[in-house]
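Remarks on the structure that follows.
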Amino acid sequence: MPDRVKSGQNCARCKNPCKTGLKCIKCGVLSHNSCLEKIRNVQMLNDGSVICCAATLLNGSQKVAEQLPAAVIEPGSDADKITIKFLEKLNLQKDLTIKNQEIAINALMEQVSLLKQRTEELLNLGTVSPTTAHDGNCEQKQTGLQRHITNKDASLAIMTAQTRNTCGGVINLNNDVNPHRRNNSRRILTGKKESLENCPFKAAVNNAQSHYHVTNMGPDTDQSELQVYLKGFAPNVQVVKMNARRPDLYASFKISVPRNEAEPILNCEIWPTDVIVNEFFPPKRSSEHYRQRRGDASTK
Numbered sequence: 001m002p003d004r005v006k007s008g009q010n011c012a013r014c015k016n017p018c019k020t021g022l023k024c025i026k027c028g029v030l031s032h033n034s035c036l037e038k039i040r041n042v043q044m045l046n047d048g049s050v051i052c053c054a055a056t057l058l059n060g061s062q063k064v065a066e067q068l069p070a071a072v073i074e075p076g077s078d079a080d081k082i083t084i085k086f087l088e089k090l091n092l093q094k095d096l097t098i099k100n101q102e103i104a105i106n107a108l109m110e111q112v113s114l115l116k117q118r119t120e121e122l123l124n125l126g127t128v129s130p131t132t133a134h135d136g137n138c139e140q141k142q143t144g145l146q147r148h149i150t151n152k153d154a155s156l157a158i159m160t161a162q163t164r165n166t167c168g169g170v171i172n173l174n175n176d177v178n179p180h181r182r183n184n185s186r187r188i189l190t191g192k193k194e195s196l197e198n199c200p201f202k203a204a205v206n207n208a209q210s211h212y213h214v215t216n217m218g219p220d221t222d223q224s225e226l227q228v229y230l231k232g233f234a235p236n237v238q239v240v241k242m243n244a245r246r247p248d249l250y251a252s253f254k255i256s257v258p259r260n261e262a263e264p265i266l267n268c269e270i271w272p273t274d275v276i277v278n279e280f281f282p283p284k285r286s287s288e289h290y291r292q293r294r295g296d297a298s299t300k
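Residue numbering for the sequence shown follows full-length UniProt numbering, starting at 1 and increasing by one per position.
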């Protein structure tokens with residue numbers, strides 16, 4: 001009779017508690033019934049006893065089919081049922097593998113078919129037939145996608161554009177764009193007549209303001225006193241005191257004055273020594289200004 005026991009010992013293979021299992025008749029090792037199926041060189045005797053003393057555990061990456069030829073099974077024992085169960089599992093696994101491979105092959109074949117169809121569509125773009133009905137005897141001008149443009153034609157057009165300095169224009173290879181000449185710049189006219197007898201309107205008054213930053217003044221400088229002093233040079237001047245970083249050492253002010261009155265304010269003779277006057281928003285210098293400065297520097 002097989003040595004079936006009920007115990008709280010751990011299985012020799014999975015190391016989990018084994019409540020019911022078979023014990024080896026030689027070494028007394030206890031194992032689950034399912035774990036015995038995965039042990040190599042297990043000897044199943046006619047009476048259902050188990051001998052696993054010379055057994056080696058299978059690696060997890062090895063297939064179940066590798067253990068069947070090595071197992072020594074006595075005919076007419078309960079191991080026949082185990083063998084049949086193994087074969088059924090192997091057969092089921094084989095069917096699933098074949099089915100998965102067939103699905104993958106069908107998907108690849110469908111992708112290849114779609115790629116071939118798309119390639120043919122792209123190759124036929126250069127020879128698209130016209131959609132409008134026409135007489136077969138009349139000739140139609142090939143424009144757009146109907147005309148086949150070779151690499152040689154494209155290279156020649158690019159080289160010609162570079163030679164003639166017309167890269168900014170349209171390289172009209174398809175002959176479907178009419179050339180349109182545009183002026184590079186607009187003409188600007190500014191009136192010069194100060195007074196016209198028959199003219200009912202006049203130009204707007206230029207109220208542009210210039211803003212200056214005055215710093216390094218004495219810390220006890222009063223805003224109202226400074227404004228009264230500057231009104232003697234510019235009647236419409238406005239003075240605003242600013243928050244200095246070191247109010248105990250110096251004071252800073254913002255001066256706003258119309259541009260037509262700004263020239264007296266920029267005279268260094270009206271400011272004390274070491275007082276600094278800067279523009280808040282320096283005007284943008286034109287290219288003519290920089291060319292004039294370079295010319296003045298070259299003459300020195």
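Using N, Cα and C, we set each Cβ at its ideal position, and we do this for glycine too. Since this is a predicted model, take the numbers as computed values, not measurements.
Spatial neighbours of Leu249 in its chain, beta-carbon cut-off 7 Å, leaving aside the 5 residues before and after: Pro219
8 Å Cβ cutoff met for residue 301 and Arg13: Here the chain has residues from 1 to 300 only, and residue 301 is not among them.
Where Ser61 falls, given that 16 or more other Cβ within 10 Å makes a residue buried: The predicted model places Ser61 with a pLDDT of 40, which falls under 50 and marks its position as unreliable, so this point remains unresolved.
CB contact flag (Ile265, Val237, <8 Å): yes
Residues that Ile276 bridges to, as DSSP identifies them: Thr215
Residue environment, Ala204, which counts as buried when at least 16 other CB atoms sit within 10 Å: exposed
Rounded straight-line distance, which links the Cα of Ile276 to that of Ser256: 16 Å
Top-ranked residue by Cα proximity to Glu279, from His213, Lys81, Thr83: His213
Three-state secondary structure (DSSP) of Phe86: helix
Distance, Cys268 Cα to Arg259 Cα: 17 Å
Residue from Gln227, Leu230, Asn216 whose Cα sits closest to the Cα of residue 302: This structure cannot settle anything about residue 302, because the visible part of the chain is limited to 1 through 300.
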